[in-house]
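Numbering (our numbering), first residue to last: 43 to 461. Below: the structure, in structure tokens.
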């Protein structure tokens, strides 16, 4: 293998992404939420990591090509959202913090898209994406074990369950249309991801995975008759759960009572406070990634994130930021549906996995807020989808249009006689 400057920069970017992931998982430091903007050793290391990544991305030979490619898909709206997030430093309550957090997300986004752009084979790109999702999951799990021990309560989280749930749904969905060799590989991935998702006992992720499975249900067999008994079985489970609070609590809700669920484990109190913050500056918001940190100023308490990416976008970046994020989410959903309909490799898997992520985004800030380990896995899948699956779908459409244009009937010539 020839060693080139581009390969060296790619390797450096992978190392920096891994270091950023480790810094917020197994090497994370714990401190009081009121010290969120304090510059300590860990924060200094983060600034160096992000600064180095941004410099490498500016100088990288593939950056321009990647940016042009993004401009031809819904990802352009996500880029605009992140640019607006950085701009919000001009009016943020903590300008330096908002600017750094926006730069941090932009660095992870840019790195994974540029790196995915450098992979020539979609099968290899798929393996890379799954490895990234598994690495995020395992390092986040290791962080829970290191700090909280091995127990149901200690392993409970809504971090690694997102990457594990996405990996599970993607692998299972794609295995339904894969050749035997790829099918066996994907089902092994699906089994491991499923076990890891179950360990996290996150109600938000459980519900999101269940919704993904419901979407996947019609594809689980070539015979649509298979849907009828399975659908009736699912309906029966729902009915039983509706009459048994204990069963509902221990399965879908991770042991929570229905009283806790009614307030979404306290989230509704947070969101009421963030709504008041939104009303103060409805058009531009309070500043990117800052609203949850200042919760005590709005009648609640400070947290690490708003526990809802869309609400965080609304309160942090106002109507303008929310509109960009909502439009991107809607366009992304339509693109995944189209890729699935065209039977492009990765289409069905990305469809159900990204739906799961968007549902989970209503209980944990994934898209819309600042960086946390989850976002690395999400960006890896988004990069795979936009660089490979979506482009393959567009190439297929272009080929079909060209074929139609060269058809004598389509060009207006006489209809050939029937035999």
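Glycine residues also receive a C-beta, built at the ideal position from the N, C-alpha and C atoms.
Three or more Cβ pairs closer than 8 Å define a contact, and the region 353-360 falls short of that threshold against the region 100-119.
Inclusion of residue 156 and residue 108 in the CB contact set at 9 Å is warranted, their separation being smaller than that value. For residue 190, the uninterrupted alpha helix (DSSP H) segment begins and ends at 164-190. Considering only 113, 126, 142, 160, the residue with the shortest C-alpha distance to residue 48 is 160. The C-alpha of residue 437 is placed about 17 Å away from the C-alpha of residue 448. Burial state of residue 372 is exposed, judged by a 10 Å Cβ sphere holding fewer than 16 other Cβ atoms.
In the structure shown, the three-state DSSP call for residue 413 is coil.
Counting every other CB atom within 10 Å of its CB across the protein chains shown gives residue 443 a total below 16, marking it as exposed. Residue 215 holds the alpha-carbon nearest to the alpha-carbon of residue 260 among 233, 131, 215.
Between residue 64 and residue 146, the alpha-carbon positions lie close to 15 Å from each other. Given a length threshold of 4 residues, each whole run of the alpha helix (DSSP H) inside the region 114-162 is given here in chain order: 117-129, 137-159. Judged by DSSP in its simplified three-state form, residue 82 adopts coil rather than helix or strand. In the displayed model, residue 221 falls within coil according to three-state DSSP, outside both helix and strand.
Three or more beta-carbon pairs separated by less than 8 Å link the region 392-402 to the region 246-257, which places the two stretches in contact. As the crow flies, the alpha-carbon of residue 392 is around 15 Å from that of residue 235. Taken in chain order, no unbroken stretch of alpha helix (DSSP H) lies wholly in the region 226-250 with a span of 4 residues or more. DSSP places residue 403 in the coil class of the three-state scheme, outside both helix and strand. When rounded, the separation of the alpha-carbon atoms in residue 323 and residue 360 is 7 Å. Annotation: the continuous alpha helix (DSSP H) that includes residue 311 extends over 309-322. For residue 371, the uninterrupted alpha helix (DSSP H) segment begins and ends at 351-383.
Membership of residue 53 in the alpha helix (DSSP H) is indicated by the continuous run 47-65.
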